[in-house]
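Visitor: For the sequence shown, the positions run -34 to -1, 1 to 385 when mature numbering (1 follows the signal peptide of the UniProt record, and there is no 0) is used. This is the structure I have questions about; it appears just below.
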Amino acid sequence: MATRRPTPHRFSPHIAGVAATFLLVALHMRPSFGQEEPPPWLLCGSDDSRNYTANSPYEANINRLAATLPKNASSSPVLYASDSAGSIPDRVYALAACRGDANASACERCVAAAFPGARRGCSLAKDVLIFYDLCQLRFSNRMFFLDQDNFVTTRYVVGAPISDPAAGAFDAAVRLLVNATADYATGSSSRRFATGEVGFGNKSTSNNPRIYALAQCTPDNRVGFCRTCFSQIIGQLPEYFSGRNGGGIFGTWCILRYEVYPFFSGRPLLLLPPFVATSPAPAPAPPATRTQDKSRNKAGAVLKVVMPTIAALLAITVICFWTRRRRSAAQYFRPSSSDDIQGADMPLLDLSTLRIATDDFAESKMLGKGGFGMVYKGVLPDGQEIAVKRLCQSSRQGIGELKSELVLVAKLHHKNLIL
């Protein structure tokens, strides 16, 4: 069933025909005329205006504008025109704007049809706003060009809502698309017009549709005004269109629309990457029962007794293993008792082997610092761990001290001492 919110401020709810600006459709199909009320959508009258009489000067001024405004709008590079005719109190102010994807001839035909359409739908009303698919027209006895709000809005909803599991993610994709499309229209187009598209899911099917959006602001307004206008109508989307697969809001100064089918001409000006909804957080685990608590307490008590025993046995095993290994290694690598370095029975390794063993003397391998330089931990290709002292050029120790230290090291009985 269609729903409509009364229009605020100046426009009254007296509407001839359908007072709607946008239509929502079923997710799985493009709507037919049997599912929605076709345009035009009208707003008639206002609180501070009265009807005019037939064949009056006011009607004559409307006719003058009807003869010039369609051509003026269609010949404009931005498909927009505003004008006035007559003198007070019978002066008529008018505005015509065509959608940014319309061509000049279609724009002229649409605006020309809007004048008789407005007078048929809102007979003798001085203040009328009418929307067609490709254009909009407003004429009034007020100079509404100075209005700084987007008060003329109305909404129309039809069709089935989106299924609950997908509604939240779909709404998020819509917000992403309409915000990006409105930003593009505000700053990147002389017509203040943009169209956009985003994939909702991985493929275009009834369950994973593509979403299309259109945004337009009247091109004579400043960028800041258009941005504010879009922000106001986008802010209303969650309230009126949450969980719906299409919709929009029309206003005097800006319009916004989104659908799950292409409703504009040509390719979209803005193409966003596919929107992928994040998975919901897992549900919290149910609270533990008393039986589970008792089982856990028993298991904890057993672990408190067993774990220290296991740790002690493991420590004893490791100590015995390393003690036996040191004894056997000392017998194999015992050096001679000569004070000369050349007589020391120590394995000699070249620099390239030491670089590989210490990851090129990496900082993470550093064990400490001595008088002659840094000491590094290394691992030989056979898995043997060694300690390597690297001579520092800035060391203040002399060659004699270095020789004495090497001789002393050579006398130590350990397999991992390397020269």
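Where is the CB? At the ideal position from N, CA and C, for every residue including glycine.
Rounding to the nearest angstrom, what Cα-Cα distance links K355 and G349 in this structure?
Guide: Within the sequence shown, numbered from 1, the residue matching residue 355 stands at position 389. Within the sequence shown, numbered from 1, the residue matching residue 349 stands at position 383. Roughly 19 Å separates the two Cα atoms.
Visitor: Which residues mark the beginning and the end of the alpha helix (DSSP H) in which I322 is found?
Guide: Along the sequence shown, read from residue 1 onward, the residue named residue 322 stands at position 356. Unbroken alpha helix (DSSP H) run through I322: L317 to A323.
Visitor: Tell me whether the beta-carbon of L35 lies closer than 7 Å to the beta-carbon of A60.
Guide: The residue labelled residue 35 in the question sits at position 69 within the sequence shown. The residue labelled residue 60 in the question sits at position 94 within the sequence shown. Yes, the Cβ-Cβ distance between L35 and A60 is below 7 Å.
Visitor: Compute the distance between the beta-carbons of residue 392 and I28, then report whether it is under 7 Å.
Guide: Residue 392 falls outside the range modelled here, since the chain spans only -34 to 385, and no answer is possible.
Visitor: On the CB-based measure, 16 or more other CB atoms within 10 Å of its CB, does D67 come out buried or exposed?
Guide: Position 101 of the sequence shown, counted from the first residue, corresponds to residue 67. By the 10 Å Cβ count, D67 comes out buried.
Visitor: Could you pull the start and end residues of the alpha helix (DSSP H) that E163 belongs to?
Guide: Reading the sequence shown from its first residue, position 197 is the one you call residue 163. Premise fails: E163 lies in the beta strand (DSSP E), F159 to G165, not in any alpha helix (DSSP H).
Visitor: I think S156 touches V44, with their Cβ atoms under 8 Å apart; what is that distance to the nearest whole Å?
Guide: Here residue 156 is taken as the residue at index 190 of the sequence shown, counted from 1. Here residue 44 is taken as the residue at index 78 of the sequence shown, counted from 1. With 8 Å as the limit, S156 and V44 qualify as a contact, their Cβ atoms being about 6 Å apart.
Visitor: Identify whether C88 lies in helix, strand or coil by the three-state DSSP scheme.
Guide: One-based indexing of the sequence shown puts residue 88 at position 122. C88: coil per DSSP, three-state reduction.
Visitor: With a threshold of 6 Å, establish whether the CB of I285 neighbours any heavy atom of the ligand ATP.
Guide: Absent from the structure shown: the ligand ATP. Ligands present: none.
Visitor: Candidates T147, R158, R141 and E205: which alpha carbon is nearest A63's?
Guide: As a position in the sequence shown, residue 63 is number 97, starting the count at 1. Residue R158 is the option with its Cα nearest to A63.
Visitor: Report all residues from its chain with a CB closer than 6 Å to the CB of A181; omit the five preceding and five following residues, and keep chain order.
Guide: Residue 181 sits at position 215 when you count from the first residue of the sequence shown. Same-chain partners within the cutoff: T147, A148, A151, A160 and L222.
Visitor: Pick from I177, G209, T19 and E25: whose alpha carbon is nearest that of S129?
Guide: For this step, residue 129 is matched to residue 163 along the sequence shown. Comparing C-alpha distances from S129 to each of I177, G209, T19 and E25 shows the shortest one belongs to G209.
Visitor: Just to confirm the assignment, what range does the beta strand (DSSP E) spanning Y198 have?
Guide: Translated into positions along the sequence shown, residue 198 becomes position 232. Tyr is not the amino acid found at residue 198; the sequence shown has Gln there. Q198 -> not in any beta strand (DSSP E); alpha helix (DSSP H) instead, spanning V189 to I200.
Visitor: Taking CB distances under 7 Å as the criterion, tell me whether A181 reaches chain D.
Guide: No chain D appears in this structure, which consists of one protein chain only.
Visitor: Once DSSP output is grouped into helix, strand and coil, what is the label at L45?
Guide: As a working mapping, residue 45 is identified with position 79 in the sequence shown. DSSP places L45 in coil when its eight states are reduced to three.
Visitor: Distance, Cα to Cα, L31 vs N38?
Guide: Position 65 of the sequence shown holds residue 31. Position 72 of the sequence shown holds residue 38. If you take the alpha carbons of L31 and N38, they lie about 10 Å apart.
Visitor: On a Cα-Cα basis, can you pick out the residue from I285, G162, A132 and Q198 that is closest to G232?
Guide: Numbered from its first residue, the sequence shown carries residue 232 at position 266. The shortest Cα separation from G232 among I285, G162, A132 and Q198 belongs to G162.
Visitor: Is the beta carbon of A80 sitting closer than 7 Å to the one on L95?
Guide: For this step, residue 80 is matched to residue 114 along the sequence shown. For this step, residue 95 is matched to residue 129 along the sequence shown. No.
Visitor: Look at residue 449 and V164 and say whether their C-beta atoms are less than 7 Å apart.
Guide: Shown here, the chain extends from -34 to 385; a query on residue 449 therefore has no answer.
Visitor: Helix or strand or just coil, what does DSSP make of Y18?
Guide: Within the sequence shown, residue 18 is the residue found at index 52, counting from 1. Here Y18 carries a coil assignment [DSSP, helix/strand/coil].
Visitor: Do the CB positions of W7 and F97 come within less than 7 Å of each other?
Guide: Working through the sequence shown from its first residue, we reach residue 7 at position 41. Working through the sequence shown from its first residue, we reach residue 97 at position 131. Yes, the Cβ-Cβ distance between W7 and F97 is below 7 Å.
Visitor: On a CA-only basis, which of A47, P274 and P55 is nearest N17? Give me that one, please.
Guide: Translated into the one-based positions of the sequence shown, residue 17 becomes position 51. Cα-wise, what sits closest to N17 is P55.
Visitor: Is the separation between the beta-carbon of L143 and that of A179 shorter than 7 Å?
Guide: Taking the first residue of the sequence shown as 1, we reach residue 143 at position 177. Taking the first residue of the sequence shown as 1, we reach residue 179 at position 213. In contact: L143 and A179 (Cβ atoms closer than 7 Å).
Visitor: Per DSSP, L95 is paired with what?
Guide: Walking along the sequence shown from the start, residue 95 turns up at place 129. According to DSSP, L95 bridges with L9 and R104.
Visitor: Can you name, in chain order, every residue of its own chain whose Cβ lies under 6 Å from the Cβ of L279, other than the five neighbours on each side?
Guide: As a working note, residue 279 is residue 313 in the sequence shown. Sequence-distant Cβ neighbours of L279 in its own chain, meaning closer than 6 Å and more than five residues away, do not exist here.
Visitor: So if DSSP puts R356 in a beta bridge, which residue, or which two residues, is it bridged to?
Guide: The sequence position of residue 356 within the sequence shown is 390, counting from 1. Paired residues: M340.
Visitor: Where does V242 fall in DSSP's three states?
Guide: Stepping through the sequence shown from its first residue, residue 242 is reached at position 276. V242: coil per DSSP, three-state reduction.
Visitor: Can the beta-carbon of S40 be found less than 7 Å from the beta-carbon of C73?
Guide: The residue given as residue 40 occupies position 74 in the sequence shown. The residue given as residue 73 occupies position 107 in the sequence shown. Yes, the Cβ-Cβ distance between S40 and C73 is below 7 Å.
Visitor: Report buried or exposed for A47, applying the criterion of at least 16 other Cβ atoms within 10 angstroms of its Cβ.
Guide: What you label residue 47 is simply residue 81 of the sequence shown in a count that begins at 1. Flag for A47 reads buried.
Visitor: Please tell me whether K343 and L333 are closer than 7 Å, where the distance is taken between their beta carbons.
Guide: Taking the sequence shown and counting its residues from 1, one reaches residue 343 at position 377. Taking the sequence shown and counting its residues from 1, one reaches residue 333 at position 367. In contact: K343 and L333 (Cβ atoms closer than 7 Å).
Visitor: Below 7 Å between beta carbons: does that hold for V341 and A353?
Guide: Within the sequence shown, numbered from 1, the residue matching residue 341 stands at position 375. Within the sequence shown, numbered from 1, the residue matching residue 353 stands at position 387. The answer is yes: Cβ separation under 7 Å.
Visitor: From A26 to T19, what distance separates their C-alpha atoms?
Guide: Numbered from 1 along the sequence shown, position 60 holds the residue referred to as residue 26. Numbered from 1 along the sequence shown, position 53 holds the residue referred to as residue 19. A straight line joining the alpha-carbon of A26 with that of T19 spans about 11 Å.
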